[in-house]
Structures are given as C-alpha cells and as structure tokens.
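Following: one structure in structure tokens, then a few remarks.
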Amino acid sequence: METLQASSESRDNGRKKVLIVDDHPVFRLGLVGMLTELGDIDVCAQVGTAAEALTAMRSTKPDLVLLDVSLQGTNGIELIKLMKAERPNLPILVISMHDETVYGLRALKAGALGYVMKAEAMTHVGEAIRKVLAGKLYVSPTFGGKLIFKAVQSLDLESGSPVDKLSDRELEILELIGKGRSTRSIADELHLSIKTIETHRAHIKVKLGFTESADMVKFAVDWVTARA
Numbered sequence: 021m022e023t024l025q026a027s028s029e030s031r032d033n034g035r036k037k038v039l040i041v042d043d044h045p046v047f048r049l050g051l052v053g054m055l056t057e058l059g060d061i062d063v064c065a066q067v068g069t070a071a072e073a074l075t076a077m078r079s080t081k082p083d084l085v086l087l088d089v090s091l092q093g094t095n096g097i098e099l100i101k102l103m104k105a106e107r108p109n110l111p112i113l114v115i116s117m118h119d120e121t122v123y124g125l126r127a128l129k130a131g132a133l134g135y136v137m138k139a140e141a142m143t144h145v146g147e148a149i150r151k152v153l154a155g156k157l158y159v160s161p162t163f164g165g166k167l168i169f170k171a172v173q174s175l176d177l178e179s180g181s182p183v184d185k186l187s188d189r190e191l192e193i194l195e196l197i198g199k200g201r202s203t204r205s206i207a208d209e210l211h212l213s214i215k216t217i218e219t220h221r222a223h224i225k226v227k228l229g230f231t232e233s234a235d236m237v238k239f240a241v242d243w244v245t246a247r248a
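Basically this note's numbering = 1-based index in the sequence shown + 20.
As structure tokens, this is what we get:
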C-alpha cells in the first residue's frame, strides 16, 4: 500500500480525500495526476488489493473511493459490499475496463454510486466524481437507458439472463473465457491459482446448464460477441 501525504486539513479547506484501488500501478499513477489537476482533491492512498483497500479506508478515512472490478483475491464488487458494511455512507465510484452493461448494475446493487469505463475515464471522471460526492448517481447516458429498459424487463419474472445466476467472479471469468483466454492466462490476470479457475469454470458450466465444457465455451464466445 502506498499512502500519500494528503493534508490533514483537507476537510477544513474543502478538499476531498480520495482512495484509489486498482491493481495496475501505471493506471493508478495516471489517475493520481488527473485528480491532482482537479484542484480540490487529495489522493490519500493508492492500493492494489482489497485487503490493502480496507486497511487504507480505516486509516485514512477517505471521502470517496475509486476502485476497479478486477482485483487480486476479493474482487471489486465484493469489496464494495465490505466497505459499505463498515461505512454505509461512503461514496464509491467504479472505474473499470469491464463493460458497464455487464458489471454496472452489479456495482450499483452492491452500493456504488457510479460506474465509468476506463476507456472514457479521462473525459468523464471529473464529472462523475462531482456527482458521486454530491450523493448523486453517475452512469453514462447509454447505460442509463439500458438500466431503464432492464427495470421494465424485470417486471416479467421470466426475463432474466442466464448469466444473472453467476457470482461476480464467475461472470468475470466467463467474460475472459469468451475472449479466448486460457485457464492459465485467466489465473495469471486475476492472480488466482489454476485450480481455482478450474473450479470456477466447473461452477459456471453447472449454473448455465451445460454438460460439456465446449458448449459452455461456445456460449461464452457468443455472449461476448453479441455485446461487442
């Protein structure tokens, strides 16, 4: 964990303390620079794992947390739940490479107030931070429309997607399978053992109702392709 020298007078000066949680050091540094340019933000800590994030949250008491979905061990969606259990009013904004149409709703249900894709972060993160700090919801206009559509669909109890049965980690792994990633490659990216990934694959296959792994892989590829 890298704790930065954020001023202890941040709140007195109207400046907000932000905790960054992302497992890519280069992206964290870029985000620190971008937030510094906003003028009224102090980055109090930047960390790469959920465990470090919880420690930093307790010690630095941030006004806002920016976090990614993909983290070593406990993923970002579960981390949101853990943070909100300790600090129910803590604003959390997700900044992730993952498609907001897949993870955005899960993040919001877990307690986040906003979701920004990394591809759009440089353009929209300032606006998103302002809204979330004000206690308002931030999602892209496109995703907002899809949320409304999904809410209407949910009135029909039979209209759920098969992937809704999957846990957050299983969904993350299904997406990587659909992108053609091998078990070893997925394990390396998520910092998990090959055995753990194989166990998740087995659970995914059962939950989606497949008896053959090849059918599950085909489903994953088709699912990813349909959203491209």
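Don't be surprised by glycine CBs; every beta carbon is placed ideally from N, CA and C.
Legend entry - Best match in LYS81, LEU212, ASN109 and LEU58 for proximity to LEU91 [C-alpha to C-alpha]: LEU212
Inset, instruction - Below 6 Å CB to CB, which residues in the same chain sit around GLU327 once its five sequence neighbours on both sides are set aside? - result: This structure cannot settle anything about residue 327, because the visible part of the chain is limited to 21 through 248.
Legend entry - Proximity of ILE100 and ALA76 at Cβ, strictly below 8 Å: no
Inset, instruction - Consult DSSP for GLN173 and reduce its assignment to one of helix, strand or coil. - result: Because the pLDDT of GLN173 is 49, which lies under 50, any placement of that residue in the model is unreliable, and the question is left without a value.
Inset, instruction - Buried or exposed for MET137, please, with buried defined as at least 16 other CB atoms from any protein chain shown within 10 angstroms of its CB. - result: buried
Legend entry - At least 3 beta-carbon pairs within less than 8 Å: the region 42 to 52 vs the region 65 to 76: yes
Inset, instruction - Report back the beta-carbon spacing between VAL228 and PRO182 to the nearest angstrom; my notes put them in contact at under 8 Å. - result: Sequence check: residue 228 is Leu here, not Val. 5 Å between Cβ atoms; contact.
Legend entry - Completely contained alpha helix (DSSP H) runs for the region 96 to 141, where each covers 4 or more residues: 96 to 106 and 120 to 130
Legend entry - Span separating the alpha-carbon of ARG48 from that of GLY155: 24 Å
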